[in-house]
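In terms of my numbering, the sequence shown is residues 352 to 612.
All C-beta atoms, glycine included, are put in the ideal place defined by N, C-alpha and C.
What follows is a set of notes on a single structure, which appears directly below.
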Amino acid sequence: MSLLEARDLTIGYGHTTVADGVDLAIEPGTVTCLLGPNGIGKTTLFKTLMGLIPQLSGTIRLEGDEIAQLSRPRIARHIAYVPQAHPAEFTYTVLDLVVMGRTAYLGTFGAPKQTDYDAATAALEQLGISALAERDSTRISGGQRQLVLIARALAQQSRIVVMDEPTASLDLANRILVLDTVRNLAASGLAVVLSTHEPEHAFLVADQVAILGRDRFVTGPVADVLTPSQLSALYGLPLEVETTPSGRHVVGPAASDQIQP
Ligand SMILES: Nc1ncnc2c1ncn2[C@@H]1O[C@H](COP(=O)(O)OP(=O)(O)OP(=O)(O)O)[C@@H](O)[C@H]1O
Numbered sequence: 352m353s354l355l356e357a358r359d360l361t362i363g364y365g366h367t368t369v370a371d372g373v374d375l376a377i378e379p380g381t382v383t384c385l386l387g388p389n390g391i392g393k394t395t396l397f398k399t400l401m402g403l404i405p406q407l408s409g410t411i412r413l414e415g416d417e418i419a420q421l422s423r424p425r426i427a428r429h430i431a432y433v434p435q436a437h438p439a440e441f442t443y444t445v446l447d448l449v450v451m452g453r454t455a456y457l458g459t460f461g462a463p464k465q466t467d468y469d470a471a472t473a474a475l476e477q478l479g480i481s482a483l484a485e486r487d488s489t490r491i492s493g494g495q496r497q498l499v500l501i502a503r504a505l506a507q508q509s510r511i512v513v514m515d516e517p518t519a520s521l522d523l524a525n526r527i528l529v530l531d532t533v534r535n536l537a538a539s540g541l542a543v544v545l546s547t548h549e550p551e552h553a554f555l556v557a558d559q560v561a562i563l564g565r566d567r568f569v570t571g572p573v574a575d576v577l578t579p580s581q582l583s584a585l586y587g588l589p590l591e592v593e594t595t596p597s598g599r600h601v602v603g604p605a606a607s608d609q610i611q612p
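Laid out in C-alpha cells, this is it:
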C-alpha cells in the first residue's frame, strides 16, 4: 500500500476544472518532483492531496484511508506542508515558529510541552540552524526562513513532507542546502513531494517525476519523463537535455541562437 495514492483525480474550484486524469502514488523513502508551467495547478494539486480543498472527482487515499474521512489533526500527523516562503507577519522566535509544527499533537487549547520543544529543537539541529532558535523569525534571511519552515515540517514528525517550490528565491548555496536536505529526508525514510520550476533539480533529487501539462498528467522515473520531447511540450518551446562530463543534466533551448539561462 502506498503512503498516499490518487486515482483518476480531477482538481479545481467549484465548477472550474484545473486538471484531470491525475494518478499518483507516493512511496516512503522517495522524492517526487512536480513540474509544470505557472498557473497550471501545482499548488491546487498539493492542497487537494492534503485534503485542504475537495477533489472534483476521483479518490485520494492516505495510508489506505479515504482522505475526506480523516480529521485535520490526523492528516497533519501524516503530511507536513512547507508553503512557499512568504515574509513572516508575526514576531515569533524561530523556536516558537517551529513548535507550531506540533499543533496536531496538542489538544484543543493545549500548550506545547517539553516533548514538543524537544522535537522542535531536534528539527533545528537536523538542519544545522540551532543558532537561529531565539532569533525573531521576521528578521532572518529568505534562505534561513525556508530552512525554518522545513524545520517546522520536520517537527511535525509526519511520514510525508510536501514542499511548494522550496528552492524559489534562494541563492545557490541555500538551493544546494535545501536539495541536500530533501535527499537526506528521503534517505531517512520520509516521502518528499516538491514542486519546482527547475527541471535540473528534478534530475538531481527525484526518484519519480510528475508533470502537470496543459492536456495531461504524466508520472514515471526521471529518465523516462524528463525527455527533450516531454520538456519541450511542457514549456512550449524546443528544449534539449545535455549531460555534462560529470554526469549532470542541463536543460536549455535547442535553438543555438537563444539565450541559455
Ligand atoms: N482559490 C482559488 N479559487 C479559484 N481559482 C484559483 C484559486 N487558487 C488558484 N486558482 C486558479 O487555479 C489555477 C491553478 O493555480 P495554482 O496556484 O494551483 O497554479 P501553480 O501551478 O501552483 O502556479 P505557479 O507555478 O505560478 O505557482 C490558476 O488558474 C489559478 O488562477
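* Where R526 falls: helix, strand or coil (DSSP) -> helix
* Expressed to the nearest angstrom, what Euclidean distance is found between the alpha-carbon atoms of E414 and A538? -> 20 Å
* Chain-ordered list of residues that sit, by beta carbon, closer than 6 Å to a heavy atom of ligand 1 -> Y364, V369, G387, N389, G390, I391, G392, K393, T394, T395
* **Cα-Cα separation between F568 and K393, rounded to whole angstroms** => The alpha-carbon atoms of F568 and K393 are separated by roughly 11 Å.
* To do: Tell me, please, whether the segment 499-518 touches the segment 537-556 by the rule of three or more beta-carbon pairs shorter than 8 Å.
  => yes
* What number of angstroms, rounded off, separates the C-alpha of D558 from the C-alpha of G564? -> 19 Å
* To do: May I ask you to list the residues that DSSP assigns as paired with Q559?
  => T383, P572
* Would you check if the segment 426-443 and the segment 387-407 touch, i.e. whether three or more CB-CB distances between them fall below 8 Å? => In short, these stretches touch, since the Cβ pair count reaches three.
* **the segment 512-521 in contact with the segment 465-484 per 3-pair CB rule at 8 Å** => no
* For I527, count neighbouring C-beta atoms within 10 Å of its own C-beta (all shown protein chains included) and say buried if the count is 16 or more, exposed if not. => The Cβ neighbour count for I527, taken over all protein chains shown within 10 Å, is under 16; the residue is labelled exposed.
* Got a sec, what are the start and stop residues for the alpha helix (DSSP H) I426 sits in? -> 423-429
* Asked: Going by beta carbon distance, what residues of the same chain come within less than 6 Å of A376, once the five residues before and after it are set aside?
  -> S353, E356
* Proximity winner among E476, E593, A436, G571, relative to V373 (alpha-carbon distances) -> G571
* Determine, using beta carbons only, whether L590 and S583 come nearer to each other than 8 Å. => yes
* Answer with buried or exposed for Y364, where buried requires no fewer than 16 other C-beta atoms within 10 angstroms of its C-beta. => exposed
* Can you name the residues that DSSP bridges to H600? -> Paired residue(s): T594.
* For T381, which residues of its own chain have a beta-carbon under 8 Å away from its beta-carbon, when the five flanking residues on both sides are left out? -> A537, A542, V543, D558, Q559
* To do: Spatial neighbours of T444 within its chain, please: CB distance less than 8 Å, with the 5 preceding and 5 following residues excluded, ordered by chain position.
  => A484, E485, R486, D487, S488
* Asked: Nearest chain C C-beta to G479 closer than 8 Å, yes or no?
  -> Reference to chain C is not applicable here, since this structure consists of a single protein chain.
* To do: Kindly list the residues whose CB is nearer than 6 Å to the CB of Q435, restricted to its own chain and excluding five residues on each side of it in sequence; keep chain order.
  => D515, E516
* To do: Compare the C-alpha of V573 against each of T383, G598, I362 and name the closest.
  => Measuring C-alpha to C-alpha distances from V573 to each of T383, G598, I362 identifies T383 as the nearest.
* Taking Cβ to Cβ, would you say F397 is nearer than 8 Å to V513? -> yes
* To do: Pull up the DSSP beta-bridge partners for V544, would you.
  => T383, V513
* Does DSSP classify Y443 as helix, strand or coil? -> coil
* Asked: Does the distance from the CB of I362 to the CB of L421 come in under 8 Å?
  -> no
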